[in-house]
Each structure stands twice: as structure tokens, then as C-alpha cells.
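Engineer:
Protein chains: 2
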Amino acid sequence: MKIDGTPWRTLWPIDDGRAVAIIDQTLLPHRFETRELHSLEAAAEAIATMRVRGAPLIGATAAYGLALGLREDPSDAGLRRARERLLATRPTASNLAWALRRIIPAVQALPEAQRFDAAFARAGALCDEDVAINEAIGDHGLGVIRDLLAARGDDGPFHILTHCNAGWLATVDWGTALAPIYKAFDAGIDVHVWVDETRPRNQGAALTAWELAAHGVPHDVIVDNAGGHLMQHGQVDLVITGTDRTVRSGDVCNKIGTYLKALAARDNGVPFYVALPGPTIDWALADGVRDIPIEERDPREVTHIQGLDEDGGVLREVRLTPPGVSARNFAFDVTPARLVTGLITERGVCEASEAGLLGLYPDGAFEAGAA
Amino acid sequence: MKIDGTPWRTLWPIDDGRAVAIIDQTLLPHRFETRELHSLEAAAEAIATMRVRGAPLIGATAAYGLALGLREDPSDAGLRRARERLLATRPTASNLAWALRRIIPAVQALPEAQRFDAAFARAGALCDEDVAINEAIGDHGLGVIRDLLAARGDDGPFHILTHCNAGWLATVDWGTALAPIYKAFDAGIDVHVWVDETRPRNQGAALTAWELAAHGVPHDVIVDNAGGHLMQHGQVDLVITGTDRTVRSGDVCNKIGTYLKALAARDNGVPFYVALPGPTIDWALADGVRDIPIEERDPREVTHIQGLDEDGGVLREVRLTPPGVSARNFAFDVTPARLVTGLITERGVCEASEAGLLGLYPDGAFEAGAA
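If you're matching them up, the sequences are chains A and B in order. With the working numbering applied, the first sequence corresponds to residues 466 to 836, in that order. With the working numbering applied, the second sequence corresponds to residues 466 to 836, in that order.
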């Protein structure tokens, strides 16, 4: 997507294909800075500290991280070490493991001297594939919006609520949940987005608001508590979120708080759709609430917050809680399939169920059986 | 309740009954400062800027504010002006109007020279009554906790989730939702509290965490997004919240986001109770979602946040969002009676329904008819 008229991706090769650069998302929306990743450790650190975040972008960065690890040590041991280091960064998103599975077998079959170049090229191909997938999600999601608009039968603004950031910043380009919104806006539909701030890391207030503004899409930031009230009062026509992992039953793991919005959508008859690229489907699991491991992060993300001190124009961290308070920080929750109106994928829209997913991904059955 | 072993209330008469003092809650948990209110305007400002907050404490402060207004101008016109100034501070809580209704007719019947002293004395009586009401809520809520513990049949920690601050800081003393928790803790029950931080003003992270710590009650601060996940995983035995206004059907208006927690409680079979003093019942209204006016506050409360800069030990405000972002800030939502397991009042526990409320407040019917 564009920033001030210039097209960007969230990561891109530099140094004639010997390293990659990223947008450091921990500084947005206050500072726009890029950062070069020249080593496996730099890539792993960027994922773990959320300089890059969002399931698809984590997968793409991990793919390049694996390549950078092979530049340092192309042996089988080096490959194993790189894989383990990257898998340890974030436990919930399934794209990370998927991206590594896509690259490792092919690379392992090669002589050590060819491994780095081959892995780097495959990481690039995986990025291009992500962009194509997300644009297709946007097209199918646009169909959902058009259908809902037609059913509503009036011309007022079409209000979409989204949680966290599943925009182009969460992917290589386009985004997942925001791709249909960009498509609708570009098609001249009068969309307005309710942006959940998404505590504790405020990816909505910081990233979704920033990228929607850069593209010119009308939006309002709200606290995560507000969505139910808006839905009770007819102010939400559609909820779309992304997902970090969808299990084969259609249960959807996404940023903590998504489940609460799905409950409110159900209680008020608001359609609740989840946008996902095929690689986020985990065919091995059936019960998302029971089986998906939920990352618990540093409580400091709850007790402290970073923002811009407008007096000095500098970023500062302030403490919100009493000194020494105990806090817990669960990063994701799982929305049961029964609350999901539909899944928007690059292959089309389906019911959130094993039958629905298998209708679009008949090959998924084999992966599920093999797991 | 106690701070460092010393008993406090949230407001108290000073200057031989010519003014009152409050704890400035906008500075908690980082600074503990008291503030004197010597005028109607000071009282109105303290309510509007939330130096005092919580429906019962707003009512008590408004009562003293009315008295201070009468000290400045004891005429009927002065009385009217004071009433209007105070009613304009916060539109949602019904205690404010209730407190004024309790005092105005009696004072208006007096000669001007006696009005201030009479109003001041009645404000003090109203405060004592609030303390007695809240302690009775605590006793009845303790019964609910004992029953749930007995039904569970094991000795592990009893986890209670609460939203916002309905503790002693929200009342004159004891609190509403927290009164049963203090009673249970004092009775030796192994309670643990999940404290919703309660964006945008963070009354949970700032005030509930502070007062629970001062009393020694085990607790963890969580983001507002986390409650559904905890309930899905059996980590919540009971939800108790306060309320700013309960209509006669049992619909409950409380801090924005309460409705989302009630939905999650229902979806997971977790009991959801609301603690309320009789004066928060609005007998005139029947449909809370449709009829209760929801205060919309300054968007700056969403886009900016105040905390302690630990480097300098000073309070600072930082901006969380991109510059110039649009935000909306709805302060309350309404939880329909169908999601409320029971109402805990000073007269006992009842079903969230007109029949339930009339069982405890048979006189309520007259007020409803008269409205």
C-alpha cells in the first residue's frame, strides 16, 4: 500500500539479496523508521519484540531469518538451530511454522554452498505469494460487503468494526481483515471503520489508525470496551478480524478480546467474518479453545505504556498501575466457530466448519490426517 | 476502609462544617492528595473532571455541592442554579439526581438563613446512609460467595472478576461491587480478584488495584480484552460489577465494556452479579438499552493517557494515536437484565427483573407510577 503516495511493502530484500529491511512497527504511529536485518538473531529479535507482527508477516520474516541463519552456518546443525530459534519467538501463530516447513525440506536437499541463496529466493517467493493471497482475500471480502450493502438497501455509511491490526502492516502487503476494506474504499463504497485500540499493545490505535489514515479511509478509534454498545445501537454493519491460527473445525484464534466482539455480534445479529490466508489453517487441531497454546507475554505490557510526549516530541513509557502490582498478559483468545458467520479466504468465503474449510481446501484433509 | 492502617472515607467535612475535603482520584495510584471544596463550582468541577467518581460518591459530593451553593446564595434562584450546575456535570448516574431530590424539598421549606446548615447536615446524613447501605451489600454479597463456594466444593482460590472501580473509592466507604470481596477476604476466604484495567480512564488499573493492595486482597490487573479467555478456561468463579443506573426491568447501566463481560459470563456459565444501592434504581425507565442516555466524553481520554514517568517520578500525559486521529468515547453501556444472574442490594439479593426489584423495594412501584 502507499505512504504519502509511495508504494511500500513491510519487508524487502537489501544488499543484493544478502539481508532484508523492515518497518520498525514498535515506533509507529509516532516515528516511521526502517531497520536492517543482517542475521538470524536480528530476525528472531524483530519477531519476538514485535518490530514485525501479524501472522503472515511473522511467517515471511521467519523465512528470511532462516535464510540469514544459513548464511552464518549452512550445515544441518545450523539449519536446526535456526529453526529452533525462530520457533521459540512466538508460540501461537501457525504461519511461522508453516513458512519454515515450506522452505526447510527443499533447502536441506541442497549442498551447503547453495542453501543460503536458495532459502533467500524461496523467502522472496513466499512474500510474493502472501501479497497475491491477501489481494484475493480483499476481492472475496468486497463481495461480502456488497452483499450486505444490497441487503441493507440504503446508501448511508457502511460501518465495519475491526480488532487489532490485520492490515498491510500485518502482512507483506494488502492485509487480511483490512484488504476488503481497502478494496471497498477504492471501489467508492462509503466505508467507515471502528478501530478497536486493542490493548495491551494498542495495535489498533497505533497501526490500524495509521495505515487507514495513510490510505484516506474514514475511521474512529474506540476503546476495546465500546464495540458492544455500538452494536446494540445499530452502529456496526460488519465485524472483520484477522486470525493467527484457525483450526479445522473453524475455531479462530486471534488477538485477545476478539471473542468478546464475536459474542456481541451474535447477540445483536451483526455478521462476524474472519479473514484468513490458507497458511493460517492448522489442520492438525480440531478444538481451538482446548488445544491452541495461548502465549502469555510480559506483564509490563499491561502495567506500562509507550506514547508520544507532545511537550518534548519524544517517545516515553509511563506506568499506569500502582508500584509492584501483579498483572497477567494473555495475548490471544479463541472464538468458537459457532460465533463466526463466515471465513474469508483467498479461495473464497466459506462456513466456519471442517466441511466449509474442506470445500475450499480439499488437500487440507491429507495434512490433517498426517498430523 | 484503611490506608496504611488508618481509616479513611472518600469525602469528609472540614472547617467546622463549612466545606468538605476529597481524595483527588485523578492522581491515584501515583500520588495520594486530598483537595478542599469550598464552593459549588469546586464541587461541580470535582465531579465533572472525575476527581470524585462512582455513582454513590458523585451523589454524596453533589449533596455537599448543593449545600456549598446555598452558602453562596441561599435564595430559591440560587438553589435552582446550584441544582442545574450539578445536574449538568454527569448525565448518566442516577444517584446524582436522587441525592438532590432527597435534599432540595426539605431545604426549600426553610428560611434562607437556615438553608446552608440544613443542607450540609443532610449531606452528612446521606453519606452515613451510603456507608450503611454498602456494608449491607457486602454482607449479602458474602452470602452469594459462600453459596457458590459451597456448590463448587473445593478449597482452591475463588476468582472474582470485576470491571471499573466500584470499590470504596467509588462510594463514601466500603464500595458496592468490592464490599462483598472485602467481607469475604476479612472472613478468611481465599479470594483472588481479576481487575479489568477499564479503558479509557483505567479506573481498574489505577483505583481498584490500589485499594485492593491497600487492604491486602490478592489480585491481578488484566486488560479489558482478557475476561472472555479467562472464563473459557475456568479461571473465573464469579463476576461482580457496580452500576450507575439500574432501570426497573433490571437492565443495568455501568462502565463501558460491562456488557461484553456479561455476554462472556453467560456463554461460559459464570454467575454475573451486579451490586447496587437502592438509590441507583431508576424506577421511571423500563428499557435500559433504549432509554438511558449514554454520556459521550472527550475523545482525548482515548487518544492520550496519563501515567508515571519512572525516570523523573512525574506524571506525564502521552499520545497513543497518530496525530489528528478521530476517536469516540462512550462512557457507559447497558447490560440487559437477561444476562444478569442477580442483583445484590442492601435489602438482599434478587432477580434482575421488575418483580425481583419490587420484591425488595415495594415502594418503588409508586415512584415508577409517578414518573
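Beta carbons are placed, not taken as given, at the ideal position from N, Cα and C, and that holds for glycine.
1. Please decide whether Arg-781 of chain B counts as near chain A, where near means a Cβ-Cβ distance under 8 Å.
2. So is His-680 of chain A in contact with chain B if we call contact Cβ pairs under 8 Å?
3. Consider the Cβ of Leu-725 of chain B: report whether some Cβ of chain A lies at a distance smaller than 8 Å.
4. To the nearest angstrom, how far is the alpha carbon of Ala-547 of chain A from that of Glu-501 of chain A?
5. Going by DSSP in three states, Arg-826 of chain A sits in which element: helix, strand or coil?
6. By the 10 Å Cβ neighbour count, where 16 or more other Cβ atoms means buried, how is Asp-732 of chain B classified, buried or exposed?
7. Taking 8 Å as the threshold (C-beta atoms), are Ala-649 of chain B and Thr-641 of chain B in contact?
8. Along chain A, which residues have their Cβ under 7 Å away from the Cβ of Trp-913 of chain B?
9. Suppose the cutoff is 6 Å on Cβ atoms and the five residues either side in sequence are ignored; what does the same chain contact list for Thr-441 of chain A look like?
10. Since Val-660 of chain A and Gly-669 of chain A are thought to touch, with beta carbons under 8 Å apart, how far apart are those beta carbons, to the nearest angstrom?
11. Please return the same chain residues whose Cβ sits closer than 7 Å to the Cβ of Phe-797 of chain B, not counting the five positions on each side in sequence.
12. Which residues in the same chain have their Cβ closer than 6 Å to the Cβ of Ala-520 of chain A, if we skip the five residues on either side of it in sequence?
13. Going residue by residue through the region 641–695 of chain A, where are the continuous beta strand (DSSP E) segments of at least 3 residues, counting only ones entirely within it?
14. Hey, how far is the Cα of Val-783 of chain B from the Cα of Ile-687 of chain A?
15. Could you list the residues in the region 800–826 of chain A with a C-beta less than 7 Å from some C-beta on chain B, going in chain order?
16. Alpha carbon to alpha carbon, how far is Ala-532 of chain B from Val-517 of chain B?
17. What's the gap between the Cα of Ile-479 of chain A and the Cα of Tyr-529 of chain A?
18. Identify which residue in A:Leu-677, A:Val-767, A:Gly-618 has its Cα closest to the Cα of Ile-839 of chain A.
19. Chain A beta carbons: is any one of them nearer than 8 Å to that of Ser-791 of chain B?
20. How is Ala-835 of chain B classed by DSSP in three states: helix, strand or coil?
21. Is Gly-530 of chain A helix, strand or coil when you go by DSSP?
22. Check each candidate in A:Ile-487, A:Pro-494, A:Ala-590, A:Trp-477 and name the one with the smallest Cα separation from Gly-772 of chain A.
23. Going by C-alpha to C-alpha distance, which of A:Pro-645, A:Asp-541, A:Glu-549, A:Glu-766 sits closest to Phe-581 of chain A?
24. What is the residue span of the alpha helix (DSSP H) that Val-572 of chain A lies within?
25. Assign Arg-803 of chain A to one of two classes, buried (16 or more other C-beta atoms within 10 Å of its C-beta) or exposed (fewer than that).
26. Would DSSP call Thr-800 of chain A helix, strand or coil?
27. What is the residue span of the alpha helix (DSSP H) that Thr-627 of chain B lies within?
28. Would you report the Cα separation of Met-696 of chain A and Leu-607 of chain A, rounded to the nearest angstrom?
29. Got a sec: is the Cβ-Cβ distance from Glu-775 of chain B to anything in chain A below 8 Å?
30. Less than 8 Å between CB atoms is the rule here; does Ala-833 of chain B satisfy it with respect to chain A?
31. Compute the beta-carbon to beta-carbon distance between Thr-706 of chain B and Asp-689 of chain B, rounded to the nearest angstrom, for a pair I have assumed lies under 8 Å.
32. For chain B, is any of its Cβ atoms less than 8 Å away from the one on Gln-490 of chain A?
33. Excluding the 5 residues preceding and the 5 following Arg-587 of chain A in the sequence, name in chain order all residues of the same chain whose CB lies nearer than 6 Å to its CB.
34. Gly-807 of chain A lies in the beta strand (DSSP E); which residues open and close that run?
35. Here's the rule I'm using: 16 or more other beta-carbon atoms within 10 Å means buried, otherwise exposed. How should Arg-713 of chain B be labelled?
36. Counting only the same chain and skipping the five closest in sequence on each side, list residues whose C-beta sits under 8 Å from that of Leu-764 of chain B.
Structural biologist: Reading off the structure:
1. yes
2. no
3. yes
4. 18 Å
5. According to the sequence as given, residue 826 of chain A is Tyr; it is not Arg. Correct three-state label for Tyr-826 of chain A: coil.
6. buried
7. no
8. No statement about residue 913 of chain B is possible, as the shown extent of chain B runs from 466 to 836 and does not include it.
9. No answer is possible for residue 441 of chain A: it lies beyond the span of chain A, which begins at 466 and ends at 836.
10. 5 Å
11. Thr-557, Asp-709, Cys-718, Asn-719, Lys-720, Ile-721, Ile-759, Glu-760
12. Ala-558, Asn-560, Asp-709, Thr-745
13. 656–661, 684–687
14. 17 Å
15. none
16. 17 Å
17. 12 Å
18. Residue 839 of chain A lies beyond the range of chain A shown here (466 to 836); nothing can be said about it.
19. yes
20. Residue confidence is low: Ala-835 of chain B scores 39 on pLDDT, short of 50, so the model does not pin down where it sits. Its coordinate-derived value is still stated next. DSSP places Ala-835 of chain B in helix when its eight states are reduced to three.
21. helix
22. A:Pro-494
23. A:Asp-541
24. 559–573
25. exposed
26. strand
27. First-last for Thr-627 of chain B: 623–627, but that is the beta strand (DSSP E), not the alpha helix (DSSP H).
28. 21 Å
29. yes
30. Any reading at Ala-833 of chain B is ruled out, since the residue's pLDDT is 47, under 50, leaving its predicted position unreliable.
31. That belief does not hold up - the Cβ atoms of Thr-706 of chain B and Asp-689 of chain B are roughly 12 Å apart, past 8 Å.
32. no
33. Ile-568
34. 807–810
35. buried
36. Going by the sequence as given, residue 764 of chain B is Pro instead of Leu. Taken in chain order, the residues that qualify are Ser-791, Ala-792, Arg-793, Asn-794.
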